[in-house]
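In the working numbering, the protein residues as written are 6 to 89.
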Amino acid sequence: LFEGGASGQTPGKRALKIRVVDVQDDVSIGYIRALLRFIVSWVSLIVLFIGYLSMLGEPSGQTWHDIAARSLVVDWPRAGPPSD
């Protein structure tokens, strides 16, 4: 649930220079939404990876747990303003 912290990063995400942010505000999603994202990610895993495969058809690349938590994984630091 590190993703709910101020940085929006787990140690692994920090190493890869990515983070989880709010879809609209580009800020950390907070602990409640991070918990929701975590729970839905496990449901996606249990349901034969369908939730993870869903990102292939999603223009933003979001998985079910990103959509449920209104979050997005982005490169960090960002080069410029988010694009639509």
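Quick reminder that beta carbons are idealized off the backbone N, C-alpha and C, glycines included. Remember, predicted model here, so these are calculated numbers, not experimental data.
Under 8 Å: do the segment 11-31 and the segment 65-76 share three or more Cβ pairs, one atom per stretch?
yes
For Q67, which residues from the same chain have a beta carbon less than 7 Å from its beta carbon, with the 5 sequence-adjacent residues on both sides left out?
Translated into the one-based positions of the sequence shown, residue 67 becomes position 62. So the qualifying residues of the chain are M60 and L77.
If you reduce the DSSP assignment to three classes, tell me which class P34 lands in.
Stepping through the sequence shown from its first residue, residue 34 is reached at position 29. It should be noted that the sequence gives Ile, not Pro, for residue 34. The answer is coil: DSSP assigns I34 none of H, G, I, E or B.
Are R42 and D71 closer than 8 Å when you measure CB to CB?
The count along the sequence shown starts at 1 and reaches residue 42 at position 37. The count along the sequence shown starts at 1 and reaches residue 71 at position 66. Yes, they are a contact pair.
Just reading off the alpha helix (DSSP H) that R19 is part of, what are its end residues?
The residue you call residue 19 lines up with position 14 of the sequence shown. From DSSP, the alpha helix (DSSP H) with R19 extends over P16 to L21.
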